[in-house]
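Residue numbers (my numbering): 59 to 334.
Heads up, the beta-carbon is just placed ideally off N, CA and C, and yes, glycines get one too.
See below for the structure under consideration.
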């Protein structure tokens, strides 16, 4: 999804643009779900590769340059963290992310723009990647929960886009992204809940209502991720982070909601495991 379009109000996309979005999604969804089902090195490789793409777009946005020192340092940290998390060492992976963030920030300081902190990308991108690998490998029923994560994110994205376009109404955050609406936000939460309900019923997972509630939470997290990325883009005067996905913008535009949804799901699992 494009961070500025998924909760948009009024009008509708042109037919070629909408077709482009649908074709892109039709290609990406089977690839993503296939990697989740196979798991192991394939899934870890996909997560690591996506992390590097995200870091490239992030550092280009905050540093104003491609292939900066921050990019190379954060990419190395992402590779190391992905390897450690895929090996079941999530704590060591988090340490690698922390050290990478500190090193990347130090390497890019001082900058003409002193608020360009590339190391924030370690928390924004690498930590969610670690959470995604931890969920798939180290959590009971991890394959289903990871599929739930992807399906709910897609459901929230799609519902936000179409509900926002169809209903319009009051703006959600007009100073950050004037196209986003409350209707689109509620659509995202509802889309996440319905996607979770459908997946749980399809695969016979219980308790269905618990998964439905998780879906609502993930849908809300997608909205927060969308708004967060829009805030960054406005701060750095960027319309799209890239053009990797036709009809969707850059990789970061497409995965902005996923980055927050995976953290929300990981936090929920930790709380449930602790009996809270």
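Asked, Found
"Range of the contiguous alpha helix (DSSP H) that encloses residue 151", "148 to 165"
"Proximity winner among 253, 252, 249 and 224, relative to residue 239 (alpha-carbon distances)", "224"
"Between the CA atoms of residue 85 and residue 235 - distance to the nearest angstrom", "28 Å"
"Residues that DSSP places opposite residue 239 in a beta bridge", "229"
"Integer-rounded CB distance, given that residue 166 should sit under 8 Å from residue 128", "5 Å"
"Buried versus exposed, by CB contacts within 10 Å (16 or more), residue 325", "exposed"
"Closer than 9 Å to chain C by CB, residue 298", "Among the protein chains of the structure shown there is no chain C, as only one such chain exists."
"Beta-carbon separation (whole angstroms), residue 273 vs residue 253, contact threshold 8 Å", "6 Å"
"Cβ contact (3+ pairs, closer than 8 Å) linking the stretch 211 to 219 and the stretch 156 to 164", "no"
"Contact between the stretch 176 to 191 and the stretch 110 to 119 (3+ Cβ pairs under 8 Å)", "yes"
"Under 9 Å between C-beta atoms of residue 258 and residue 266", "yes"
"First through last residue of the alpha helix (DSSP H) which encompasses residue 168", "Run containing residue 168: none; DSSP gives neither H nor E here."
"Burial state of residue 99 (16 or more Cβ within 10 Å)", "exposed"
"Residue burial classification, residue 188 (beta-carbon count within 10 angstroms, cutoff 16)", "buried"
"Cβ-based neighbour list, residue 289, same chain, cut-off 6 Å, excluding 5 preceding and 5 following", "234"
"Start and end residues, alpha helix (DSSP H) containing residue 269", "266 to 293"
"Sub-9 Å separation of residue 214 and residue 190 beta-carbons", "no"
"Host alpha helix (DSSP H) of residue 125 (start-end)", "Looking at the DSSP string, residue 125 is not in any alpha helix (DSSP H), and its letter there is neither H nor E."
"Proximal residues to residue 263 (C-beta, below 7 Å), its chain only, five neighbours per side dropped", "202 and 269"
"Bounding residues of the alpha helix (DSSP H) (the contiguous stretch that carries residue 328)", "309 to 331"
"Distance, residue 194 Cα to residue 327 Cα", "12 Å"
"Contact under 9 Å by Cβ, residue 154 with residue 164", "no"
"DSSP-derived helix/strand/coil call for residue 68", "Legend: pLDDT at residue 68 = 44, less than 50; position of this residue unreliable, value from coordinates given subsequently. DSSP places residue 68 in coil when its eight states are reduced to three."
"Local conformation of residue 175 per DSSP, three classes", "coil"
"Top-ranked residue by Cα proximity to residue 231, from 211, 286, 275 and 255", "286"
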